[in-house]
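Each protein sequence line maps, in turn, to chains A and B.
Quick note on the working numbering: the first sequence kicks off at 525 and runs consecutively.
Quick note on the working numbering: the second sequence kicks off at -6 and runs consecutively.
Note that beta-carbon positions come from the ideal geometry of N, C-alpha and C, so glycine has one too.
If you're wondering where the values come from, they're calculated on a predicted model, not measured in any experiment.
Below is one structure, written out as C-alpha cells; the observations come after it.
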Amino acid sequence: MVKPMIRTRLAASVLALLLAAAAPSAFGQDSQLSEAAQREMQAVQDLLARAVAEFDGPQQSRSIVLFDDIIGRLDELRRQGALPVRGREIQAQAYELRGRAYYNIGLQEKASESFRSLIQLQPRYSISKDKVSPKIVDFFGSVKKALVGYLAVSSHPAGASVTLNGEFLSLTDFFPLDVLAGEYLIEISREGYQTETRTLSIAPRATETLQVELARTAASAFFVTDPPGVEIWIDGEQRAASSGSLAPDFFEVVRAKGIDPSRASARTEIANLSLGTHVVELRKKCHETVRLTLDLPEPRDYAFEPVRMEESLASLTLTSEPPGARILLDGEALGVTPRELDGVCAGKHRLEVKHAAGRFLKDIVLARNEGLTLDCPIRPSLAFLGVIAQSAAGERNLAAVEERLIQNLEKIATLNFFPAPPETVDRILESEKTTRLGLVSASRADADLVRRVTERLADALEVQGFLVAVLPDERLQRTAILNLLAAGNATPDPWEVTWAEGASYLRFISAVDQKLTLYRPWTGLITVDTLLHDGVPVLRVAAGSPAAQAGVQPGEVLYSADGKPVRRTIELLSLIEGQKAGEKLALHLRTPAGVSRAVELTLGETPQEIPLNDPALLYNKVMMDLRQQSAGYPGTEAAAFANLNLALASMHFGYYAAAHDFLLKAKPTLPQRPGLSQGTALYYLGLALENLGSEYRKEAAEAYRAAAAVKDATLFNNDGPAVAPLAARRGGN
Amino acid sequence: MRSALVAILLLTLAAAASAQTSPDEQALGLLEDGRAYRAQKQYKQALDNFNTIVTGFQQTESVDDAWLEIGRYRLEVDDDPDKAREAFDRVAKSYPQSDGAPGAYYYLGLLTMNRALAPAEIDDAIAQFARVPRLYPRSEWVPRALYASGLAQRKAGRFAEAVEAERRVSLEHPTSDVAAAAQFQIGHCLALLGDPRQAMEEFQLVRNRFPESPWAAQALLRTTALYRLYGADKPSFSLDAGYAVGAGDLLKDVASILMTPERILWIASEKVKSAVPVSADGSRGPALGSENLRSLSLTPRGEVVLAARTAIRIGPKDIKSFVVPSDKPGELESLDKITAAVVTQAGNILVADAKRKRVFKYDHKLEFVGLFPDAKQRDVRRLQLDGEGGIVLLDEDEKTVQIFDEAGKPLRAIAARGAGYQLKKPVDVAVDAFRNSYLADVEIGVLVFGPAGQLLATLTSPELRRPTALTLDTDGAILVYDEKAERILKFK
C-alpha cells in the first residue's frame, strides 16, 4: 500500500518539475545557454519524463537505459561547460532513480556505482525514508559514508561566506556539513574584512573544524537622530533611514547632548564604509538638512553624536481677489482666503487658490523662517477642448496638432489656459448627445442645449470658458478657427489663425488679454469746448458727484487741473484717466464774475457699460471676466454691475431671455442714485422684453415706464445720456 | 467697348489662373482688387473688375458684393440713381441671404430718402433701412442703416425719432464708422427739439469720444454757437474790435453778405458790381460780376446764388432769367425787379419780385410752377433756407419773417412786434443750424430770436449805426455790414 503512494508522490513531484521547466525562467540560466544546449536540455527533459514513467511502471528496469542516456547526455554537456543548474538536479535525480532501479532488480553493485556518482555530484544529497524504501535508504547511506567526511567552520565575526574549491558551501557559523572526502582550498570571506584561506584534507567519515578570526578592513557608522525617520545619505546615495526608539543603554549619552531620549531614534548602522572621508546628509521633510563630513581612518565602528534635526518652516499669508477662495497647497486643502498659514514646510510647493470665479496657480519656493505674503488674483480658466477637423465624413479629433496650438496659446495672461481631460469632456458630451463641433456650431434652436452642456462642463472642469479649434478640411494645415465660448453662452467668438504664423496667435492673445474697463475715475464735471474761452466752461455738475461735493458750479470756467492747463475737455479727461478713485484733483476755476478760485475734489468712480456691439471685443471673454466679478463678489454693487453688463453681452448675441435673467438678478442690488442705477436696468429690461416678442409688449412697456420714472438714471456711465426721455419714448409716454 | 475688352482680358487671365485657384477665390481676388481701385479713386478699373465678376463668375459667393459695388459706382460716380437702384434691387431680390443684401437695402433706402419729399416717401426709405437690423441683425450694415434712418426721420422733421435712431448707433455700435456722425446728429436734433444744453453735452461727446473724427471740429463750432446763446442766463455777444475784412470800394454799396460753410465770405457790392469771395486770411477769389445786385443765398449743395435785378446766378456760370404769365392770356413777362432767390431742397427755385410783390416758384427746368407760398402780396427782400430745408422770407412791408416748408405750409414766424421788441426796418435775415434767427434792422441793430420766435437778445453798439446786411460765421458769430461805417462788424 505504501509503494503506490510513493510512486504517486514521485509522479506528482516530477510533473511539478516538468511544469516548472516549461516556464522559461525555470531553468535559471537557460537564457544564457546556447541554442544547441537548450535543445539538448529539452531532449533530456523529455527523456526524463519517459524514464520516470517507466520507473513508475510495471517494468521498472526498462527505465535504466533511459537514465543511462540522460546521464550520458548531461555528462557531455558538463564536458562542454554548458551544464545548467537544472541539469545537475536532473542528473542527480537520474543517478538516484537508476541506482534504485538496479537495487530493485538485485544488481547492488550497479546500484552502488550509481549512488557513488550521485554523492560525488552532490555530497549532501539525501534520500528520505518517508519516500523511499528504508532498505534502499540504508544502502544509500552506507555508500555515502564511505565517500564523505564532515566540515564545521566558525568565524569572528560570524556571517562569513565559506567556499570549497571555489564553490559556496555556507555562511559561518555552521555545524558539520557533509563534504566529499578529499583535498580542499577553503576561503572564508566577509565584506569589510580580509579574506582568509586554508587548505584542508577531509577523510571519509572524519570531521574537520575550522575557527577563523577575520581581520577588519572597513568601518561602520552609527547614527541617532531626533526625530526618527531621517534619511541618511552618504556620498549622494541614500543608505538608510533612522527609525525606531532608542535603547535605554544610550539614554544618558543622548541626554548629555540635550536631546530627549524619548524623541530619539534607535542606533542606525551604516556598515561597510570604506576608509577615508565621506559626505553625509541627513534629510527630513520640513527640517533643515544636516550636512556632516565623516572621517574614517580606521576599520572600526564609529558612533556619531546624536543629531537634532531643526524644523524648517515658513509662513504664508494669502489674499485673493475675490476673497473666499479655497487654498490647496500640494493638493492639501488649507482653508479659504484671506488666510495666514504658519508652519508650512520650507521648500517647493504648488499653490492653487480656487474660487467659483476662477483660480490662481503658482509654484512657490519657501525659505526657512520666511514669511511670504502673496496676493492671488483669481483669473477665469479656459479649457481647451481640442482640435476638430470638419469634413463631409463628420468630425474627427486631431490630437497630433493640439500640442502646437497649446504651446502658442499658453501665453494668454488673463486666463488660466489648460487642456481639458478628454475623458471628462467625452463623458459629458456623450451623455448630452452632442459633440465638440456641436458646441461651437449650434443653431439658435439648440442654444439651450449648448448653454446647459457648457454649464455642466464648466462645473466638471472648474472652468469659466472653452476653446475649440476647428479645421475646415480644405484648409487643413493652413488655418484654423479658434472658437471661444463662455460657460452658459451658446454663440462662440470665432477667430481665424494661421498655423505657421506665430503673429496670428499673438493677435488672438492680444484680443483675449484686452483689459475690460468696468470702472473709471470720475468727477461728475460736464464741461464743453468752445471757441469763446481759454479753458472749458462747466455746463453741468452731476448730482452727488465729487464735483458737486466740492462746490463746483455750472457756468464757471475750468482752466487748469493739477497745475496743468485745460484748454479742451479731453485734456481734463486724460488727466483723470491717469488717476485713481480716491485721489485728489486740484482745479482752478473762474466764476462768471471773473473771480479765480481753487477747488480740490476727491475722485470717485463711475461704473461703465460695455458697448453692445464692438467688433474689437471678444464678447465671450468679456462674459468670462464678468462672471468672475459676479461670482466673486455676490450680493455687492460690483456683482450687480457685472450682471448688468452680462445682460448687455447676452443682448449682443441676441439672447434676450438670458439678458432678462441677468437684469432681474442685477436690479435689486443696483444702487438707487443718479447715474447707472436701477433705472438703467429697468430700461434694458424693457429692451430685452421688447425683443422677446409681441407677447411681452405689455411687460416691456411697464418696464420702460418704470425706467422713465427714475429721473436721474443714465446709460453708458454716470455722465451718460438720461434714461428717462428714451424710456418714456419707448414706453409710449 | 474698352470695358468689354478689359473684361475679356480679365476673364482670360482669370481662366489662366484657374489651374491654381478655385472660381470663388478668383472672384474674391477680383472683388478685393476692385475695392482697392475704388479706394484709390480708379473707378473705371474698379468697375471693370466688378463687371467681370457678374459676367464671368455668376455662381461664386462674390457676385452679390460685385452687384453692390456696381450700384455704388452708379450712384456715387455716375450720379445715376435709376441704374444704381437696378443694381441694388438685383442684390436684394436675387441674393436675399447674401452678406450683400443688407447693403442693398441700405442703399435702396438712401436712394428713396434722397428723392423723398412727402412724409410717406420718407417712411418708405425708413422701412428699407429698418429691414437691415430686423433681417440681418449681425450685419456690418446695421449701424449705417440705423444712422440713415435717423437722417430720414430728421428730414421728416421727426427729431425725437431721429434722436432715438441715432442713439441706438451711439449706444449699440459705438465703434462703427458712423458713430461719430450719429452722435453729432443727436446733438443737432436735441438742439432743434429745444434742448440746447443737452445738445451741447451730446456735441461734446463727439469731441470726447471721437477726437480724430472730422465731426469733432464741427461739434466745436456747434458748442460754441450754442454756448454763446444758452450757456448763461442770456446770450452773450461782444464786438470783435480787431475784426477787419474787405477794404475800399468792396465795402461800398454792399447789398448782401454771405458766409459759406467753408468760411468764404461773399460780399455783393454794387460799387464794384460783383460778388467777391474773401477767404479767412483776407485773400480774394474770382468774383461773380453783375449789375443791380440784390441778395445772396446758398443752394442745398453749397453753391452761391446771386440775385440781381433781372436774373439770378447759381454758381460761377449758370445765369438764369425768369418769366411769369402776364395778365394777358398766353403772354409771358420777364421778372425785372428781382430782390431775392433761393434754391430749395427739392431743387425748385424761388424768386422774389418787388414789382409784383410776390414769390414765384420754378422747377429745375425753370418752368413756372406757381406762387409761393400763396397769392398774397409780399414785399420779400430776402429769401434763405434754414438748416432743415425751411424757406425763410423777410417781408419788408409787413416787417415779419416767415418760415415755410417746401409745400408752402407755414412753420414759424417772427412777428413785427413781440415781447421786448418792435421791428422798424428789417432788411436782412440769417438762420443758424438750430433755427435761431438773426435779423438786421436798420434802425435798431441786430435782433436774435429763438426757434419759437421769442427775442433772445438785441445787439447794439456805437459802431453799429446802420446795419443793412448780415450773415453768420460757422461758429455762430454774427457778421454785420454797416452802411454808414462801410465796414463789416463781427459780434462773437
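{"query": "As assigned by DSSP and simplified to three states, the class of B:Glu479", "result": "coil"}
{"query": "A:Phe664 beta carbon less than 7 Å from that of A:Ile651", "result": "yes"}
{"query": "Minimum C-alpha distance to B:Phe152 - residue among B:Ala462, B:Ser276, B:Glu381", "result": "B:Glu381"}
{"query": "Selection of the segment 188 to 206 of chain B by Cβ proximity to chain A, strictly under 7 Å", "result": "Arg190, Met193, Glu194, Gln197, Arg200, Asn201, Pro204"}
{"query": "The segment 1163 to 1180 of chain A contacting the segment 894 to 907 of chain A, beta-carbon criterion three pairs below 8 Å", "result": "no"}
{"query": "Test item: CB-CB of A:Val1076 and A:Pro1061 under 7 Å", "result": "no"}
{"query": "Three-state class that DSSP yields for A:Leu1000 in the structure shown", "result": "The predicted model places A:Leu1000 with a pLDDT of 49, which falls under 50 and marks its position as unreliable, so this point remains unresolved."}
{"query": "Contact check, A:Ala1162 vs A:Gln1153, beta carbons under 7 Å", "result": "yes"}
{"query": "Sheet register partners of B:Cys182 (DSSP bridge)", "result": "None, per the DSSP bridge assignment."}
{"query": "Residue interval of the beta strand (DSSP E) (run including A:Val1076)", "result": "First-last for A:Val1076: undefined, no H or E at that position."}
{"query": "Separation of B:Ala333 from B:Asp372, as counted between CA atoms", "result": "10 Å"}
{"query": "Alpha-carbon to alpha-carbon, A:Gly1159 and A:Pro1078", "result": "37 Å"}
{"query": "Limits of the alpha helix (DSSP H) - the one that A:Phe884 falls within", "result": "Counting along the chain, A:Phe884 falls outside any alpha helix (DSSP H), though it belongs to the beta strand (DSSP E) covering 882 to 890."}
{"query": "Beta-carbon neighbours of A:Arg1253, restricted to chain B and to distances below 7 Å", "result": "Ala153, Glu157"}
{"query": "Residue range of the alpha helix (DSSP H) that includes A:Ser839", "result": "Where A:Ser839 is concerned, there is no enclosing alpha helix (DSSP H), although the beta strand (DSSP E) it sits in stretches over 837 to 845."}
{"query": "C-alpha gap between B:Leu21 and B:Ser55, whole angstroms", "result": "6 Å"}
{"query": "7 Å Cβ cutoff, A:Glu970 in contact with chain B", "result": "Looking at the sequence shown, residue 970 of chain A is not Glu but Asp. With 7 Å as the cut-off, A:Asp970 does not count as an interface residue toward chain B."}
{"query": "Sufficient close CB pairs (3 or more, under 8 Å) joining the segment 1062 to 1076 of chain A to the segment 231 to 247 of chain B", "result": "no"}
{"query": "Backbone secondary structure at A:Val1060 - three-state DSSP", "result": "strand"}
{"query": "Pair within 7 Å by beta-carbon distance, B:Val125 and B:Ala141", "result": "no"}
{"query": "Spatial neighbours of B:Val435 in its chain, beta-carbon cut-off 7 Å, leaving aside the 5 residues before and after", "result": "Lys418, Val420, Arg459, Pro460, Thr461"}
{"query": "CB contact below 7 Å: A:Thr1093 versus chain B", "result": "yes"}
{"query": "Assumed close pair A:Leu890, A:Val868 - CB separation to whole angstroms, cut-off 8 Å", "result": "6 Å"}
{"query": "Interface residues of chain B facing A:Ala1140 [CB-CB closer than 9 Å]", "result": "Thr168"}
{"query": "Chain B contacts from the segment 1034 to 1059 of chain A (Cβ-Cβ distance under 7 Å)", "result": "Ile1050, Val1052, Asp1053, Thr1054, Leu1055, Leu1056"}
{"query": "Local conformation of A:Val538 per DSSP, three classes", "result": "Bear in mind that the predicted position of A:Val538 carries a pLDDT of just 41, short of 50, making it unreliable; the figure below should be weighed with that in mind. Here A:Val538 sits in helix by DSSP."}
{"query": "Test: A:Leu1063 CB closer than 7 Å to a CB of chain B", "result": "yes"}
{"query": "Neighbouring residues, chain B, relative to A:Phe1240 (Cβ below 8 Å)", "result": "Leu164"}
{"query": "Interfacial residues, the segment 125 to 150 of chain B to chain A, with Cβ spacing under 9 Å", "result": "Pro130, Arg131, Glu133, Val135, Pro136"}
{"query": "Cα-Cα separation between B:Leu465 and B:Asp311, rounded to whole angstroms", "result": "25 Å"}
{"query": "Span separating the alpha-carbon of B:Gly295 from that of B:Val335", "result": "12 Å"}
{"query": "Helix, strand or coil at A:Met833 according to DSSP, with G and I counted as helix", "result": "coil"}
{"query": "Residues bridged to A:Asn1007 (per DSSP)", "result": "A:Val992, A:Pro1018"}
{"query": "Min CB distance B:Thr216 to chain A below 7 Å", "result": "yes"}
{"query": "First through last residue of the beta strand (DSSP E) which encompasses B:Ile119", "result": "Here B:Ile119 belongs to no beta strand (DSSP E); instead the alpha helix (DSSP H) covers 112 to 128."}
{"query": "A:Thr1093 versus A:Ile930: straight-line alpha-carbon distance, rounded", "result": "46 Å"}
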